[in-house]
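In this note's numbering, the protein residues as written are 69 to 313.
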């Protein structure tokens, strides 16, 4: 997928909301979801609630190229814990990045690993809370399978969303499988051009409750928070077709 690393904001917002809502059920966890191309690690996306300044520094300096957690993950398939003493082998210790990350209270954590069929490496790292290290370790230990499955589900969602965008950008042909039903598309189209639910109901000669029902289905299909977010994603990903009339 050529557009996978284009950092589409609508997709990032959707995936971040998904991680936030799922992880908040376990506690106040700091996390980073990273995807990088194993053939070209410069291609990378990060979605995280780490300090924004650190995330920007990390991306601007391509620290994934020297991050020992990332490098270790290339040859792992199971989750692992790490701290500033992590080594790639018995001789190498990449301390530079940890010397910098300490300023943002990033010193140890637990990383879940996924290698996908597009030759990407996907990681979900849970940061240990310096004031509650034991509690955070217990959360991770008790929910390892759930956290690994969260990474799988979130990454599958990302692939699906970027594939939809890539298909639209690569060809003017209609995508083989429409994400919305004809009625959902009609309603989403009129909502995207500024029509209220009442106005849409009049245009389509249906009840307002029917409009709300279909909008609710659209929100669920896109995995977003509300109708406003669904409209924005529909526009940005070019998922909405013009309605007749």
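Don't be surprised by glycine CBs; every beta carbon is placed ideally from N, CA and C.
Close Cβ partners of residue i (< 7 Å) along its chain, the five nearest in sequence each way excluded
i           : result
residue 76  : 233, 304
residue 291 : 82, 86, 225
residue 91  : 97, 99
residue 282 : 251, 252, 255
residue 130 : 110
residue 268 : 255, 258, 259, 279
Host alpha helix (DSSP H) of residue i (start-end)
i           : result
residue 278 : 276 to 290
residue 167 : 164 to 169
residue 257 : 250 to 260
residue 307 : Per DSSP, residue 307 belongs to no alpha helix (DSSP H) and is neither H nor E.
residue 272 : 265 to 272
residue 204 : 201 to 210
residue 126 : 120 to 128
residue 140 : 136 to 141
Residues near residue i in its chain [Cβ-Cβ closer than 8 Å; skip 5 each side]
i           : result
residue 88  : 117
residue 203 : 95, 197
residue 241 : Because the pLDDT of residue 241 is 45, which lies under 50, any placement of that residue in the model is unreliable, and the number read from its coordinates should be weighed accordingly. Excluding positions up to five away in sequence, the list is empty.
residue 158 : Note that residue 158 has pLDDT 39, beneath the 50 cutoff, so the model's placement of it is unreliable and the number below is only indicative. Closer than 8 Å at the Cβ level, and outside the excluded window around residue 158, lies no residue.
residue 296 : none
residue 125 : 131, 168
C-beta atoms of residue i and residue j nearer than 9 Å
i           : j           : result
residue 190 : residue 219 : yes
residue 211 : residue 307 : no
residue 184 : residue 247 : no
residue 132 : residue 104 : yes
residue 106 : residue 148 : no
residue 271 : residue 263 : yes
Continuous beta strand (DSSP E) stretch holding residue i: start and end
i           : result
residue 190 : 188 to 195
residue 296 : Element bounds for residue 296: not the beta strand (DSSP E) but the alpha helix (DSSP H), 295 to 304.
residue 149 : 148 to 150
residue 116 : 112 to 116
residue 178 : 177 to 183
residue 78  : Looking at the DSSP string, residue 78 is not in any beta strand (DSSP E); the run it does join, the alpha helix (DSSP H), is 77 to 91.
residue 100 : 98 to 105
Own chain, CB closer than 6 Å to residue i, minus 5 neighbours either side, in chain order
i           : result
residue 259 : 299
residue 102 : 114, 191
residue 172 : 119, 122
residue 239 : The pLDDT assigned to residue 239 is 49, lower than 50, so where the model puts this residue is not dependable, and the model offers no usable value.
residue 144 : 181
residue 193 : 100, 177, 179
Expected contact under 8 Å - CB spacing of residue i and residue j to nearest Å
i           : j           : result
residue 195 : residue 174 : 6 Å
residue 309 : residue 257 : 7 Å
residue 78  : residue 293 : Going by Cβ atoms, the distance from residue 78 to residue 293 rounds to 12 Å, so no, they are not a contact pair.
* Three CB pairs or more closer than 8 Å across the region 165 to 185 and the region 128 to 140 -> yes
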